[in-house]
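Each remark here refers to the structure printed beneath this line.
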Amino acid sequence: MLLPQTDRRHIGDRVFGIVLPVLGCALLAVALIIFFACAKLALPAIEKLGVLRLLTGSDWNPVEESFGALPFIYGTLVTSLVGIVLALPISVGLALFLTEMAPRQVRVVVAMLVQILAGIPSVVYGLWGLMVLVPLLRSTVEPALGRWLGFLPLFRGPPIGLGYLAAGIILAIMILPTIASVTVEVLRTMPQALREGALALGATPWEAIRLVVLPYARRGIFGAAILGLGRALGETMAVTMVIGNQPEIHASLFSPGYTLPSVIANEFAEATGAVHTGALAALALALFLVSLTLSGAARVLIRSRRLR
Amino acid sequence: MKMRVHSAVRRVVNWGMTGLCLTAVLMALMPLGSILWLVVSKGARSLSISFLTELPAAVGESGGGVGNAIVGTLYLVVLAGLLGLPLGVGAGVYLAERGAGRLGSAVRFTAEVLGSVPSIVVGVVAYGLVVATMHRFSALAGGLALGILMVPTLARATEEMVRLVPHTLREASLALGVPAWRTTLSIVLRTAWGGILNVALLGIARAAGETAPLLFTSLNNQYWNFRPDQPTASLTVQIFNYAISPYEDWQRKAWGSALVLLLLVGLLSLLAHFTRRRSAI
Chain Z
134 MLLPQTDRRH
144 IGDRVFGIVL
154 PVLGCALLAV
164 ALIIFFACAK
174 LALPAIEKLG
184 VLRLLTGSDW
194 NPVEESFGAL
204 PFIYGTLVTS
214 LVGIVLALPI
224 SVGLALFLTE
234 MAPRQVRVVV
244 AMLVQILAGI
254 PSVVYGLWGL
264 MVLVPLLRST
274 VEPALGRWLG
284 FLPLFRGPPI
294 GLGYLAAGII
304 LAIMILPTIA
314 SVTVEVLRTM
324 PQALREGALA
334 LGATPWEAIR
344 LVVLPYARRG
354 IFGAAILGLG
364 RALGETMAVT
374 MVIGNQPEIH
384 ASLFSPGYTL
394 PSVIANEFAE
404 ATGAVHTGAL
414 AALALALFLV
424 SLTLSGAARV
434 LIRSRRLR
Chain D
21 MKMRVHSAVR
31 RVVNWGMTGL
41 CLTAVLMALM
51 PLGSILWLVV
61 SKGARSLSIS
71 FLTELPAAVG
81 ESGGGVGNAI
91 VGTLYLVVLA
101 GLLGLPLGVG
111 AGVYLAERGA
121 GRLGSAVRFT
131 AEVLGSVPSI
141 VVGVVAYGLV
151 VATMHRFSAL
161 AGGLALGILM
171 VPTLARATEE
181 MVRLVPHTLR
191 EASLALGVPA
201 WRTTLSIVLR
211 TAWGGILNVA
221 LLGIARAAGE
231 TAPLLFTSLN
241 NQYWNFRPDQ
251 PTASLTVQIF
261 NYAISPYEDW
271 QRKAWGSALV
281 LLLLVGLLSL
291 LAHFTRRRSA
301 I
């Protein structure tokens with residue numbers, strides 16, 4: 134009883150008390166390693182061209198060592214936005230169906246199917262996009278959109294199939310499980326009494342959703358959408374296979390473009406010289422920082438859903 | 021009268037919205053149906069013993085397979101597991117058992133946030149750490165990329181599994197005078213073992229489906245490779261190369277390889293499912 138605390142602790146406990154936190158800290162170290170490994174590779178390009186030139190220049194020419202990533206940034210933003218715009222309503226509808234409407238057996242089956250959708254490797258999505266979606270867009274969807282909505286600059290130009298629209302649709306399919314499952318999680322935390330209260334006051338199930346459930350879950354759904362956006366920005370293979378890989382900027386969604394992850398995927402292995410590699414690594418670093426910010430913000434939003 | 025019309029309208033709106041949600045479900049599941057159907061129906065046509073065991077054939081030559089890519093993928097995920105599992109599971113155990121403080125919150129948040137880092141970025145990291153220093157593409161670099169990619173998700177999932185162990189078990193063990201570290205190892209981890217195995221298998225399955233971080237780390241290889249310091253083939257990179265090629269025969273092989281990949285990933289997930297079911301928690 135009079136012994137000091139440390140002596141009474143088992144030697145194994147002391148070892149364990151060091152090993153476990155070290156393992157935890159190793160995870161923090163991984164984050165730092167990702168940052169510094171990218172930064173080190175990126176340094177030659179940043180020194181030669183400067184961050185501003187890299188991010189706002191619009192010409193990408195490895196031969197002349199002139200690197201401006203604007204077409205890739207534009208392509209990444211456009212495809213991700215198309216993805217979110219298509220995926221958000223569908224995944225919220227899906228989540229509402231799962232939590233508010235479906236009987237239990239149906240819910241289990243649909244939830245399992247959505248999990249399978251989430252587990253399909255990205256390159257298989259790309260294969261499907263290239264062989265099925267792109268021909269479909271070229272022959273049917275894009276001509277139809279051009280005919281009916283051609284007055285918008287978004288839907289003009291020849292229907293090529295490969296391009297922003299194809300990439301956006303693929304992204305929508307791929308981020309749908311993420312958004313839906315986070316939304317389901319958010320809806321599940323809502324107290325059942327709130328729903329029952331609305332129904333007891335005579336609201337129809339839809340009115341209960343519109344007046345009580347959705348306002349409650351608004352922040353969480355926003356967070357889910359940002360999480361989906363983060364996924365979409367970094368998605369590589371499927372997009373690379375259907376976007377057409379042209380470093381150009383077009384207003385039309387039918388045109389081929391390029392994204393940040395795609396240019397890294399296509400050029401990194403054959404990059405010539407430290408500046409080219411550096412420019413690509415700088416893009417990777419930018420992707421890393423943006424995805425950290427987005428996913429951090431999303432987590433905060435999803436957690437703070439109770440304080441509206 | 022007015023009341024009745026009003027409530028009829030409300031009922032119709034309710035049905036309409038229910039219908040819309042159902043439509044959303046169908047729209048979400050349509051691509052899944054299409055993908056699975058096409059991979060199975062088109063892939064089955066190129067599936068054969070020689071496809072599973074032989075080396076890839078050159079353009080124009082008939083036959084050939086993806087045997088080296090299958091072995092390569094397995095080789096890469098084993099390397100990834102060796103590097104990623106101890107770190108991920110260890111960090112998860114830390115979070116569950118000692119992660120209550122401020123450091124724990126920081127680690128937990130980092131794990132969550134790192135979980136959505138684009139896989140291509142991790143590829144660049146592995147390139148910088150291994151390829152740039154060894155001056156050649158290698159299986160080791162690919163394995164490292166996949167290993168790093170595993171860690172954050174693995175840590176969070178392991179934490180959840182370990183947390184499922186009832187607190188009374190810990191208390192019972194501590195009350196019997198068992199030191200805390202023994203309690204963690206032989207009571208808590210033993211109980212959570214099935215769950216951890218499940219999480220690990222799912223992590224491996226996810227890693228097996230990665231392509232982007234392999235493109236410029238393990239690259240590709242037309243031959244068998246079992247050396248960690250040499251480039252190696254993988255199913256996913258092979259699918260990518262076959263899919264974007266202009267040759268019809270190669271595109272057919274892309275579907276075949278995709279079927280093999282889905283079977284591999286599916287098998288691992290199924291295995292994970294059963295370990296979870298058999299486990300105590």
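Read top to bottom, the protein sequences are chains Z and D.
For the first sequence, our numbering begins at 134 and goes up steadily by one.
For the second sequence, our numbering begins at 21 and goes up steadily by one.
Even glycine gets a Cβ: it sits at the ideal position worked out from N, Cα and C.
- Distances from the CA of G290 of chain Z to each of Z:P276, Z:I303 and Z:I354 were compared; the closest alpha carbon is that of Z:P276.
- The continuous alpha helix (DSSP H) containing P106 of chain D extends over residues G87 to R118.
- Going by C-alpha positions, L75 of chain D is about 37 angstroms away from N194 of chain Z.
- Rounded to whole angstroms, the separation of the alpha carbons of P286 of chain Z and A202 of chain Z is 23 angstroms.
- When DSSP states are grouped into helix, strand and coil, S199 of chain Z belongs to the strand group.
- Linking P138 of chain D to V171 of chain D through their CA atoms gives a straight-line distance of about 14 angstroms.
- When only Cα atoms are considered, S191 of chain Z and G208 of chain Z end up about 12 angstroms apart.
- Chain Z has no Cβ within less than 8 angstroms of the Cβ of L290 of chain D.
- Residue environment for A178 of chain Z: buried (at least 16 other C-beta atoms within 10 angstroms of its C-beta).
- Listed in chain order, the non-local C-beta contacts of A414 of chain Z below 6 angstroms within the same chain comprise C171, L174 and A175, local neighbours out to five positions each way being set aside.
- N240 of chain D is not bridged by DSSP to any residue.
- Of the residues D:L103, D:T231, D:D249 and D:V142, the one whose Cα lies closest to the Cα of I259 of chain D is D:T231.
- Distance from the Cα of T426 of chain Z is smallest, within the candidate group D:V144, D:S136 and D:L52, for D:S136.
- The beta carbons of G301 of chain Z and V267 of chain Z sit about 13 angstroms from each other, so the pair does not count as a contact at 8 angstroms.
- Interface flag for L260 of chain Z against chain D is set, since a Cβ pair is found closer than 8 angstroms.
- Taking CB atoms only, Y243 of chain D has no neighbour in chain Z less than 8 angstroms away.
- When the five nearest sequence neighbours on each side are left out, the beta carbons in the same chain lying within less than 7 angstroms of the beta carbon of A278 of chain D are those of V59, G63 and I259, in order along the chain.
- E340 of chain Z reaches chain D at R30, V33 and N34, counting residues in chain order whose Cβ is nearer than 9 angstroms.
- If you compare the alpha carbons of D:E268, D:G276 and D:V97 with that of A227 of chain D, the shortest gap goes to D:V97.
- Within 10 angstroms of the beta-carbon of G110 of chain D lie 16 or more other beta-carbons, which makes it buried.
- Among the residues of chain D, none has a CB under 7 angstroms from the CB of G190 of chain Z; the nearest is roughly 20 angstroms distant.
- Here A412 of chain Z has A178 and F200 as same chain residues with Cβ atoms under 6 angstroms from its own Cβ, once five neighbours each way along the sequence are excluded.
- Here G121 of chain D is exposed. Its C-beta has fewer than 16 other C-beta atoms within 10 Å.
- Among the residues facing chain Z, W270 of chain D is not included, as its CB has no counterpart in that chain under 8 angstroms away.
- Within the stretch 412 to 427 of chain Z, contact with chain D at the beta-carbon level (separation under 7 angstroms) is assigned to A414, A417, L420, F421, S424 and L425.
- Close partners of L250 of chain Z in chain D (Cβ separation under 9 angstroms): A48, L49, P51, L52 and I55.
- Considered as a whole, the stretch 53 to 92 of chain D harbours 69 to 73 as its complete alpha helix (DSSP H) runs of no fewer than 4 residues, in chain order.
- Two segments are said to touch when three or more pairs of C-beta atoms, one from each, lie closer than 8 angstroms; by this definition the stretch 350 to 366 of chain Z does not touch the stretch 251 to 263 of chain Z.
- At a cut-off of 8 angstroms between beta carbons, E191 of chain D makes no contact with chain Z.
- Around the beta carbon of V196 of chain Z, a 10 Å sphere encloses fewer than 16 other beta carbons of the protein chains shown; the residue is thus reported as exposed.
- At a cut-off of 8 angstroms between beta carbons, E180 of chain D makes no contact with chain Z.
- Among the bridge pairs identified by DSSP, N194 of chain Z is matched with Z:S199.
- Counting along the chain, no alpha helix (DSSP H) covers D249 of chain D, and no H or E run does either.
- Taking each of D:R30, D:A100 and D:A274 in turn and checking the Cα distance to A161 of chain D, the smallest one comes out for D:A100.
- Contacts with chain D at 8 angstroms (Cβ-Cβ) include K173 of chain Z.
- W213 of chain D does not reach chain Z, its nearest Cβ partner there being about 18 angstroms away, counting only Cβ pairs nearer than 8 angstroms.
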